Amino acid sequence: MEVCRSERNNNACMKERLVARFGVWMQMMAVCLLSLVSCKVDFSPNAAWQEYPVVYGILDQDDDTSYIRIQKCYLGEGGQYGYGNVFDSINYPAGSLRVVVLEWPAWQDENGLLQRTGAPVSDSLVFNYVLSSDKDSGSFFSEAQPLYVCRTAGLLDSSCLYQLVVTKVSSGDTLCTAETALIGGNMRLHTPNNTTRFLFSGSGRKTCDIQWSTVDRGRRYMPMVRFRYRDFIIEGLDTTITYHHIDIPCGTVLSSMTSQSEGISLGESLFLNTIKDQLKDYVVNRNPVDTVDIYIKVCSEDLSAYIYSAAQSSSSTPSLYSYSNINKGLGVFASRRTHIMFHVKAPGEAASQYRKNLKELNVGF
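Numbering that gives the first Met the number 0 puts the sequence shown at residues 0 to 364.
So, in structure tokens, the structure goes:
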């Protein structure tokens, strides 16, 4: 019989057994250093049952609405996927939970982390239960999923700390809690810019260098270039113009959280091949827009750690290292920003190498 490597209370060991049992499931639920704790145990389906909720909540001050997903870890005889397909096995009944996010005044320490000031709660955001049918099919019940929703447009303050508190309505007992700070500060795009334009350069493998200033509490940066174009459909004397875009992910940058800027290089071949793969054939006349949009998505350290730990699990091997920052539960409550975007001019002249390369793709440009 394997035992815990260190002395922990029964609740902690039970939590780690659940992590081992549901490592695959935790990976499936994942969409950004830290100590990841493991405990090697023999899992027993007949162990004493203890409730552990699974929580997923991401705050983004640029979103107009915030969502929190809460469901159950479950134990039972027989195949675990059988229970996963039963709505009541994995979900809490409507009206059984009260989900609130508290806003605490905070100050920023020398490491850029927020600490509570000791002042009372400045706001309380109540999340309401809804049933959503917007869920991919899979091993778990997918006809509908309960979500807790709150319209937060203009309500989230990056200078404050946010605490999730989930309580049972029937008893008033706290089911679980978690805390996160928002991504703060303003970002600047250093290159490319409207003077240098969106260009690829270099000998051999040509690249476009994308560099930006870091933001407060940003750990994982995921830049993306949005290439925009127009379709022209000519029917007799009528011409219909429709606008489209193709997103080209540029990779991931893990920041030290002390650097003032970060950057990454986008290869010209990746840019052109992604466009060609998306459009495939020359079926209409197309015209590229003379600007591109550069998005710099960024997430907090907690979300970054969760993404990393989920990536360590394969689809066939449960991970003992699933990261969680939920007190008395599993999952993650963290922050991100996905709407930081910059318009950058691209060459509009037909004689430019940029336009020649697009034309050579033979997809209508």
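Just so it is clear, CB atoms sit at the ideal spot from N, CA and C, and this is done for glycine as well.
Computed from a predicted structure; not experimentally measured.
Classification of residue 231 by the beta-carbon crowding that lies within 10 angstroms, buried from 16 upward:
Here residue 231 corresponds to residue number 232 of the sequence shown, with the count starting at 1. Classification for residue 231: exposed.
Use the C-beta contact count for residue 296: other C-beta atoms within 10 angstroms, 16 or more gives buried, fewer gives exposed.
By one-based count along the sequence shown, residue 296 stands at place 297. Buried is the call here.
Mind checking residue 59: buried by the 16 CB within 10 Å criterion, or exposed?
Numbered from its first residue, the sequence shown carries residue 59 at position 60. Label assigned to residue 59: buried.
Please identify the residue among 148, 57 and 294 whose C-alpha is closest to the C-alpha of residue 131.
Translated into positions along the sequence shown, residue 131 becomes position 132. Of the candidates 148, 57 and 294, the one whose C-alpha sits nearest the C-alpha of residue 131 is 148.
Enumerate, from N- to C-terminal direction, the unbroken beta strand (DSSP E) stretches of 3 or more residues contained entirely within the segment 171–237.
173–180, 188–190, 206–212 and 219–234
Limits of the beta strand (DSSP E) - the one that residue 290 falls within:
Here residue 290 refers to the residue found at position 291 of the sequence shown. Residue 290 -> beta strand (DSSP E) spans 284–298.
For residue 260, which beta-bridge partners are listed by DSSP?
Walking along the sequence shown from the start, residue 260 turns up at place 261. Residue 260 is bridged to 212.
Between the alpha carbons of residue 154 and residue 90, how many angstroms are there, rounded?
The residue labelled residue 154 in the question sits at position 155 within the sequence shown. The residue labelled residue 90 in the question sits at position 91 within the sequence shown. Rounded to whole angstroms, residue 154 to residue 90 spans 29 angstroms at the Cα level.
Any idea which residues DSSP pairs residue 67 with across the strands?
Numbered from its first residue, the sequence shown carries residue 67 at position 68. In DSSP, residue 67 forms a bridge with 56 and 147.
Distance, residue 350 Cα to residue 26 Cα:
For the purposes of this step, residue 26 is identified with residue 27 of the sequence shown, where counting begins at 1. For the purposes of this step, residue 350 is identified with residue 351 of the sequence shown, where counting begins at 1. Residue placement at residue 26 is poorly supported in this model, since its pLDDT is 38, which falls under 50; the coordinates still yield a value, given next. In a straight line, the C-alpha of residue 26 is about 48 angstroms away from that of residue 350.
Put residue 167 into one of helix, strand or coil per three-state DSSP.
Position 168 of the sequence shown, counted from the first residue, corresponds to residue 167. Three-state DSSP puts residue 167 in a strand.
Grouping DSSP H, G and I as helix and E and B as strand, with all else coil, what is residue 352?
Counting from one through the sequence shown, the residue named residue 352 turns up at place 353. Correct three-state label for residue 352: helix.
Using the Cβ count rule (16 or more neighbours within 10 Å means buried), how would you classify residue 110?
Along the sequence shown, one-based indexing puts residue 110 at 111. Result: exposed.
Straight-line gap, residue 284 to residue 275 (C-alpha atoms, nearest Å):
Start at 1 with the first residue of the sequence shown, and residue 284 comes out as number 285. Start at 1 with the first residue of the sequence shown, and residue 275 comes out as number 276. Each residue's Cα considered, the two are about 14 angstroms apart.
What separation, rounded to the nearest whole angstrom, lies between the Cα atoms of residue 330 and residue 189?
Looking up residue 330 in the sequence shown gives position 331. Looking up residue 189 in the sequence shown gives position 190. Going from the Cα of residue 330 to the Cα of residue 189 covers about 36 angstroms.
Distance, Cα to Cα, residue 213 vs residue 354?
Taking the sequence shown and counting its residues from 1, one reaches residue 213 at position 214. Taking the sequence shown and counting its residues from 1, one reaches residue 354 at position 355. C-alpha separation (whole angstroms): 32 angstroms.
Buried or exposed: which applies to residue 118, given that a residue is buried once 16 or more other Cβ atoms fall within 10 Å of its Cβ?
In the sequence shown, the residue the question calls residue 118 occupies position 119. Label assigned to residue 118: exposed.
If you follow the beta strand (DSSP E) that residue 101 is in, where does it begin and where does it stop?
In the sequence shown, the residue the question calls residue 101 occupies position 102. Residues 96–107.
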